[in-house]
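No gaps in the numbering here: position 337 of the sequence shown is 337 in the numbering used here, and each next residue is one more.
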Amino acid sequence: MQRNVRSVQKKKNNYKIAAREMQVLMALEQDPLGTYDELAQISGISKSVVFNILRKLERNENESESFFRVVAHPNLLNLGLEVVDVISTINNRNQLLNLIKLGISHPYTIFQAFVYGASNGMLNQFRIPIGSGDKIQSLFSILKKEKQIEDFTFHQFNPKVLYTTTKVSKWDPETNSWEFSWENWFEAEISQNPNTKINLSTVYPINTGKSKKWIKQKDLAILSELTANTRRKNLDIMDSLKKKNKKYEFTPQTFGRHLKRVSDECISNHRVFFHELESDQTNGILIQGYVSPTKIKQLIRRIKNIEIPFTSTFKYNETEIHWFMKLPASKIHTLLPRLLYFVKDMRFYTVDTNSAYVYLLYPETFDEEKRNWRQSEQFMVKNILDEMNTPDFFREQEKQKIYNVFGRKKMYL
């Protein structure tokens, strides 16, 4: 299976946010899918000015230049999918190339990036059918046995992932600094509701995958577009789908019906990413470690109740946390000592997000006849190994110009 080979290259820019632009972006934070009328009401600025500001900040379709982006998060429980992480250790260039090949070849890859620190290697994330994690472990075990990698760790999480997003209201463009203190965040009091239960288990509910009963590949194609950029006109999304694959062509009427059902059942939430603030002012880091159930719950309550103005993804299970963040360097050194109170055997990684690879959902992984995701050993392991061993692998990728939107696609993390 061929996949697009573009990497995520983030363009540097020293754009200064004007006061009225800040007001509009703050309104967008509150309502990522708000109409121009709704954003005008929230911001207290006229609709025409809101429209012009957003058009200016969107700039054009060159993703490396757009100031912000609204993306949809798939509802994994309804889709019958889960995300697993694998961190591989490598010690030479050939092993590095092997992992890049794996990311390109595997139909369930969603993210890969170089990591440095606790070990040097690569972080691979996969969005896979629930219960098929053993196939991913089998694949990496074979790579380790064949010395294509040195070692790896496999990580599975509770389905309820916590997200935070950049809060532009906390950014001071005059001083180029963020109004935030980790000391205050850890010391702030939070209300403890004794009736609020937090489940740390990685066991998924019985009623998962209900959308598999009706969904088709063309619905997944729509979902893939929404995870790349949601704030677009229907006609623009339709045109994008048609250009990429004729079989995903819709009429305006049928598209509207499909879009509504996908939005209602297959999307859990939306997030706004402020590309230039994040890429210019922050560094990608990953913190892992073992944490007692009591302290994991303390962190979860704190993340839910006290604002963090930076993009982060907090995953957890009964004994472990994985916290990916994009932080200014000045905020990293004040975070780590505080986390040592919670985390044992803390492992710290720098994540090279500037050259990361990000993949969208690949519609053809769903078998419409069986109403299920493809998850055989052949599909998830053997086919991948065969493709990785293709002679002139990278030359073939370039020769065939594999720029499929459902393969590699730039997104903001």
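Glycine included, C-beta positions come from ideal geometry on N, C-alpha and C.
Computed from a predicted model, the values in this text were never measured in an experiment.
query: Do you know whose CA, among F366, N305, E387 and T109, lies nearest L123's CA?
result: T109
State the beta-bridge partners of S177 as determined by DSSP.
-> D172
* Does the distance from the C-beta atom of H265 to that of N78 stay below 8 Å? -> The question names His, but residue 265 is Glu in the sequence shown. Their beta carbons are under 8 Å apart, which means E265 touches N78 by this criterion.
Rounded separation between G209 and R338 - CA only:
39 Å
Counted within 10 angstroms of its Cβ, other Cβ atoms place G117 as buried (16 or more) or exposed: exposed
Practice item. Would you tell me roughly how many angstroms separate the C-alpha atoms of N120 and I149, rounded to the nearest one? Key: 11 Å
- [ ] Please work out which residues of its chain come closer than 8 Å, Cβ to Cβ, to N158, disregarding the five sequence neighbours upstream and downstream, and give them in chain order.
- [x] N199, L200, S201, T202, K315, Y316 and N317
- With 16 other Cβ atoms within 10 Å as the buried cut-off, status of D345: exposed
My assumption, with CB atoms under 8 Å, is that I17 sits in contact with G80. Please give the rounded CB distance.
Wrong, their Cβ atoms sit about 41 Å apart, outside the cutoff.
_Going residue by residue through the region 226-302, where are the continuous alpha helix (DSSP H) segments of at least 4 residues, counting only ones entirely within it?_
234-244, 252-265 and 275-281
Who are the near neighbours of K47 in its chain, counting only those whose CB is closer than 7 Å to its CB and skipping five residues on each side? Y36, D37 and A40
* Could you name the residues of the same chain whose beta carbon sits closer than 7 Å to that of K297, not counting the 5 residues immediately before and after it, in chain order? => I198
- Message: Tell me the rounded alpha-carbon separation between F415 and Q253.
- Response: Since the displayed the chain opens at 1 and closes at 413, residue 415 lies outside it and no answer follows.
Exercise for review: Run the CB neighbour count on D134, radius 10 Å, all protein chains shown included, and call it buried at 16 or more, exposed below.
Suggested key: exposed
Could you check what DSSP says for K428 in three-state terms: helix, strand or coil?
Outside the displayed range of the chain (1 to 413) lies residue 428, so it cannot be described from this structure.
Q) According to the neighbour-count rule (16 or more other Cβ atoms, all chains shown, within 10 Å of its Cβ), is I306 buried or exposed? A) exposed
task = Buried or exposed for S330, please, with buried defined as at least 16 other CB atoms from any protein chain shown within 10 angstroms of its CB.
result = exposed
query: Can you tell which of S138, E58 and N92 has its C-alpha closest to the C-alpha of Q378?
result: S138
- Query: Assuming T165 and V24 make a contact with CB atoms under 8 Å, what is their CB distance in whole Å?
  - Reply: T165 to V24, Cβ: 16 Å. No contact.
**Asked** With which residues is Q156 paired in a DSSP beta bridge?
**Response** V84
Query - First through last residue of the alpha helix (DSSP H) which encompasses P337 - result: A329 to L339
Beta-carbon contacts of E249 that lie in its chain and below 6 Å, excluding the five residues immediately before and after = K242
*Thinking T334 and W178 are a contact (beta carbons under 8 Å), I'd like their distance in whole angstroms, please.*
The Cβ separation is near 12 Å, so there is no contact.
query: When the distance is taken between beta carbons, is S132 closer than 8 Å to M380?
result: yes
Item to check | Residues bridged to K326 (per DSSP) | outcome: G284
>> Using a Cβ-based criterion (distance less than 7 Å to any ligand heavy atom), does I198 qualify as near the ligand NAP?
In response: Among the components modelled here there is no ligand, and therefore nothing to report on the ligand NAP.
Closest by C-alpha distance to N389, when choosing among I90, L33 and K101
K101
Q. F186 and V86 look like a contact to me (Cβ under 8 Å); what is the Cβ gap, rounded to whole Å?
A. Actually they are not in contact, since the Cβ atoms of F186 and V86 sit about 30 Å apart, beyond 8 Å.
Quiz prompt | CA nearest to the CA of I321, picked from I303, S240 and V168 | solution = I303
Discussion item. Classify R257: buried if its beta carbon has 16 or more other beta carbons within 10 angstroms, exposed otherwise.
Written reply: exposed
What are the boundary residues of the alpha helix (DSSP H) that includes M388?
-> N383 to M388
- Is F366 near Q125, with beta carbons less than 8 Å apart? no
Problem - Which listed residue (I285, Y357, T227 and R395) has its alpha carbon closest to that of L76 - result: T227
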